[in-house]
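Following this note's numbering, the numbering of the sequence shown begins with 1 at its first residue and continues without gaps.
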Amino acid sequence: MYTDFLKDLKEELKKDLPGEKAQIKMAPGVRNHFKSSEKSRNAGVLILIYEKNQEIYISFILRTEYNGPHSGQISFPGGKYEDGDKSIIETALRETHEEIGINPEMVDIYGQLTPLHIPVSNFIVYPIIGIHKTTPLFDIDPLEVKKVIEVRLNDLLNPDNCTSKEFKYGDLSFIAPIYNPDNITIWGATAMILSEFLEIVRKNNTMFQV
Numbered sequence: 001m002y003t004d005f006l007k008d009l010k011e012e013l014k015k016d017l018p019g020e021k022a023q024i025k026m027a028p029g030v031r032n033h034f035k036s037s038e039k040s041r042n043a044g045v046l047i048l049i050y051e052k053n054q055e056i057y058i059s060f061i062l063r064t065e066y067n068g069p070h071s072g073q074i075s076f077p078g079g080k081y082e083d084g085d086k087s088i089i090e091t092a093l094r095e096t097h098e099e100i101g102i103n104p105e106m107v108d109i110y111g112q113l114t115p116l117h118i119p120v121s122n123f124i125v126y127p128i129i130g131i132h133k134t135t136p137l138f139d140i141d142p143l144e145v146k147k148v149i150e151v152r153l154n155d156l157l158n159p160d161n162c163t164s165k166e167f168k169y170g171d172l173s174f175i176a177p178i179y180n181p182d183n184i185t186i187w188g189a190t191a192m193i194l195s196e197f198l199e200i201v202r203k204n205n206t207m208f209q210v
């Protein structure tokens with residue numbers, strides 16, 4: 001099952017990506033409220049996939065509370081591009097190693113998804129798909145990460161785990177689509193990236209056409 005999934009995923013990533021049409025399905029309605037005249041910065045995040053107990057998992061992180069737009073949110077591991085990075089893939093791997101202790105040499109890179117601009121922080125995020133060669137052991141940086149959240153792919157594909165929720169940001173109050181497997185809340189840019197990934201998984205993998 002896992003081997004077949006990886007084979008299908010690799011083939012799908014060679015084709016045209018679903019792109020913005022898939023991302024926008026999970027977009028909060030307030031995205032256009034945040035605009036900046038400054039030049040956007042680049043960031044890389046890692047969609048880390050692995051097998052655990054004969055199930056396919058993806059790891060997310062719960063960020064620590066801090067004075068910033070993504071404080072306390074669930075996201076993919078990753079961060080901003082640094083001048084010393086040779087590529088955005090290296091950025092994603094470096095940040096993932098710093099945040100949750102994943103050795104880059106244990107990750108096979110399968111491809112990239114469509115870059116996504118995040119208006120509230122003015123980053124262009126490049127999602128990288130990586131397959132961990134074994135079931136990973138996590139070593140978190142407590143300054144950046146409160147905990148690692150491991151979610152079964154089947155739970156993310158289950159339509160019952162896609163709903164909406166009311167959020168408040170400053171004086172704004174709005175409804176946004178979310179994924180809520182295991183009663184967690186995945187929304188915003190992470191949900192938009194995840195939406196494209198799940199559409200790819202569904203396209204050519206009959207065992208995941210939930």
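Each residue gets a CB set at the ideal place from its N, CA and C atoms; glycine is no exception.
Query	Result
Give the secondary structure of ALA22 by DSSP, where H, G and I count as helix, E and B as strand, and everything else as coil.	helix
Rounded to a whole number of angstroms, what is the C-alpha to C-alpha distance between SER164 and LEU156?	14 Å
State the DSSP-derived secondary structure class of LYS39, mapped to helix, strand or coil.	coil
Buried or exposed: where does HIS33 fall if 16 or more other Cβ atoms within 10 Å of its Cβ makes it buried?	Bear in mind that a pLDDT of 49 at HIS33, under 50, signals an unreliable position, so the number given afterwards is only what the model happens to contain. Counting Cβ neighbours within 10 Å, HIS33 comes out exposed, since fewer than 16 surround it.
Do you know offhand how far ASP16's Cα is from LYS25's?	18 Å
Skipping 5 residues on each side, what residues in its chain have a beta carbon closer than 7 Å to that of ALA27?	MET192
Please report the residue range of the beta strand (DSSP E) in which THR215 lies.	No statement about residue 215 is possible, as the shown extent of the chain runs from 1 to 210 and does not include it.
Please name the residue or residues paired with LYS80 in a DSSP beta bridge.	ALA43
Can you tell me whether GLY84 is buried or exposed, with buried defined as 16 or more other CB within 10 angstroms of its CB?	exposed
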